[in-house]
Amino acid sequence: MDEIEVRELAPSEYNEWDLLVEKAQPGTLFHTSEWLGICRDALSKELRIYGCFRKGELVGGCPLFVKNIKGALKVANSTCNMTSYSGPLIKESNSSKASKRVQEVHDILNPLREFLCKQGFDSIHLTFAPGFKDVRPFTWYGWDSTVHYTHYLNLNEDVDNNISRKIRRELKTANEAGLKTRVWNDPETYYHLLSMVYEKQKLAPPLPRGFFERVFKLIQEKDIGYMFVTETPEGEAIAAHLNLYGKKCTVTWTSALNPDFGRLGPNALLYYNEFLDLKSRNFEYMNVMAANISRFADFIMGFSPELIPYYSVTLESKKYSIAKTMYKITHKETY
């Protein structure tokens, strides 16, 4: 096997990276340089995209956000706020043999792991996209692993046969209240609803308004998604989903709800009508990113989704582990 060269990509090479994302499985929108650039700018982070080359061809890589903590700790993470996964990806194998495909994955990930370990990071955290199942090139060398979950709603099935009694009741309530759904790509409406969710919890939104404005601009310019809203008969938007297009699927990336209208079933109506709309457009499944929080998972289970695991790996230096332990001790909550 030809040797793999790993190095940081120059911004002039980001187009080549995006071509790899488009072809690679499981390359996602969250891997693209445009999405990563929005996160970098909105959160004032340092972005590095590392590429793996074989004979000059880009065959894999991994984006990382790098942060220096008080000049003492250097931390690298493949994700950030509201980007649940990104992480390593590799060029699709053409081999029909399972053993050959596994070997090709390891031939790329092993040099990538070795390279990352030489960059002086005190902590490295990589979250792989759903569909990337083999993280052994990391766990075999002392990295800790964690399993996460998302839900897939199969659009080839009959939604009416799969929904629970609770969801049926919510749909009935929504219809009796005269609620309707439609596409409405308005960032102000979305941010207003999102702010209401966090205000109820006495928290600030996880990302600034400018982040969502840029995401909406990207959605409109590249036709990579849409916002679906539930409205009252008077035309007031009371719930919204931001859906992003993936490969054969959509990703229900984020949602927002006016808490005052939660009892009317606006979220159930959103999912139900989204399901029917996407099914008519020949998408295969909805990736509903709501499986890692109990109250969200309980709700979406009413649509009988498939539970899909995805993985993260972490490597920490002794210095970082000690600092993390001390932070937990000094910031321990009292009851």
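The numbering of the sequence shown is our numbering, which starts it at 163 and goes up by one.
All residues carry an ideal CB built from backbone N, CA and C; glycine is no exception.
- In this structure, the beta-carbon distance from Leu469 to Ala452 does not fall below 8 Å.
- Ala234: not part of any alpha helix (DSSP H); DSSP gives it neither H nor E.
- Short of 7 Å from the beta carbon of His193, and not among the five residues preceding or following it, lie these beta carbons of its own chain, in chain order: Val183, Pro225, Ser248, Leu251.
- Counting only residues of its own chain and dropping the five nearest sequence neighbours on each side, Trp305 has a CB closer than 7 Å to the CB of Val475, Thr476, Leu477.
- For Val359, the uninterrupted alpha helix (DSSP H) run begins and ends at 349-362, by DSSP.
- His493 counts as exposed, since fewer than 16 other beta carbons sit within 10 angstroms of its beta carbon.
- Relative to the Cα of Ile325, the nearest Cα in the group Gly464, Ile491, Lys229, Tyr489 belongs to Gly464.
- Each residue's CA atom was taken as its position, placing Leu419 and Pro188 some 30 Å apart.
- Secondary structure note for Thr394: it is in no alpha helix (DSSP H), with a DSSP letter that is neither H nor E.
- By the CB criterion at 8 Å, Lys253 and Ala172 fall outside the cutoff.
- Note on the segment 282-356: whole beta strand (DSSP E) runs with a minimum of 3 residues are 285-289, 306-316, 342-345, in chain order.
- For Leu419, the enclosing beta strand (DSSP E) begins and ends at 411-419.
- Here the C-alpha atom of Arg263 lies approximately 15 Å from the C-alpha atom of Asp164.
- Residue pairing of Met448 in beta bridges, as defined by DSSP: Leu315, Thr412.
- Closest in C-alpha terms to Glu167, from the list Cys201, Leu220, Ser174, comes Leu220.
- Our two residues, Val228 and Asn337, have alpha carbons roughly 48 Å apart in a direct line.
- With respect to the C-alpha of Glu276, the residue from Trp179, Thr335, Val345, Cys214 having the closest C-alpha is Cys214.
- About 11 Å separates the beta carbon of Tyr352 from that of Phe373, a gap too long to meet the 8 Å contact definition.
- Taking C-alpha positions only, Asp422 is separated from Pro368 by approximately 21 Å.
- When beta bridges are read from the DSSP output, His403 appears opposite Phe390, Ser417.
- Taken through DSSP and simplified to helix, strand or coil, Ile455 comes out as coil.
- For Tyr434, the enclosing alpha helix (DSSP H) covers residues 428-442.
- Each of Trp415, Lys342, Phe458, Lys295 was checked against the Cα of Gly397, and the nearest Cα belongs to Lys342.
- Here the alpha carbons of Val450 and Ala459 stand approximately 10 Å from one another.
- Per DSSP, Leu171 lies in no alpha helix (DSSP H) and is assigned neither H nor E.
- For Asn405, the closest of Met389, Ala399, Gly222 by C-alpha to C-alpha distance is Met389.
- Cβ contact annotation for Arg216 (same chain, cutoff 7 Å, sequence separation greater than five): Asp164, Ile166, in chain order.
- Counting along the chain, Pro273 sits inside no beta strand (DSSP E); it lies in the alpha helix (DSSP H) bounded by residues 260-279.
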